[in-house]
Amino acid sequence: MCSVVWFLLAFKLWAAKLGVPSSCLKSHDDQNKKNYVFINQAMSWSSAQQYCRENYKDLAMIENQEENTEAKNAKPSSDLVWIGLYREPWTWSDGSKSSFRNWLPTTGLNNIDENQHCITENPQHQWADEFCNIPWVFVCHQGEHLKKY
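In mature numbering (1 follows the signal peptide of the UniProt record, and there is no 0), the protein residues as written are -16 to -1, 1 to 133.
Here it is as structure tokens:
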């Protein structure tokens, strides 16, 4: 047990020396908690997905109201952003099925010409379907690995 404590202490000191913010170091209790990161670079949904997978874990996957609050805190309130949800059936970017949704009332799912298959979050943090090739800024999430800023 002592060796584990010493290892964790040494790791935290090493990470601090590298400049990794302590907020990025996860405790054992937070192992499954997602950290959301706003990316202020407009891309298509698929390019945003690729960027998130290369630099973080994936596009934002929001599975409950608590995560929706955390995701909205990661982004400026004035931006429309891509999240990781897409259609047929509603699935997250990692392939898992979606059960939590926060649709924009009345117009959130208009699916113009049956070609709006990707989801954005608006400034009020409600979701709507959009054409996937439109460049929007986006939100990624991090998993268990560390990210140096």
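All C-beta atoms, glycine included, are put in the ideal place defined by N, C-alpha and C.
Measuring CB to CB, does residue i end up less than 9 Å from residue j?
i: Gln110; j: Lys18; result: no
i: Phe122; j: Ala44; result: yes
i: Cys36; j: Cys102; result: no
i: Ser83; j: Glu47; result: yes
i: Lys59; j: Tyr20; result: yes
i: Asn117; j: Ser28; result: yes
i: residue 137; j: Trp74; result: With the chain covering only -16 through 133, there is no way to say anything about residue 137.
i: Leu64; j: Pro107; result: yes
i: Asp113; j: Arg71; result: yes
i: Pro89; j: Ala26; result: no
If we count the other Cβ atoms within 10 Å of its Cβ and call it buried at 16 or more, is residue i buried or exposed?
i: Asn57; result: exposed
i: Ser77; result: buried
i: Asn86; result: buried
i: Glu105; result: buried
i: Gly79; result: exposed
i: Asn39; result: exposed
i: Asn99; result: exposed
i: Asn24; result: exposed
Using three-state DSSP, classify residue i as helix, strand or coil.
i: Gln126; result: strand
i: Lys10; result: Bear in mind that the predicted position of Lys10 carries a pLDDT of just 43, short of 50, making it too unreliable to give a figure here.
i: Glu47; result: coil
For the beta strand (DSSP E) containing residue i, name the first residue and the last one.
i: Asn24; result: 19 to 27
i: Ala58; result: Here Ala58 belongs to no beta strand (DSSP E), and DSSP marks it neither H nor E.
i: Leu69; result: 65 to 70
i: Trp87; result: Trp87 -> no beta strand (DSSP E), and no H or E assigned at all.
i: Trp111; result: 111 to 114
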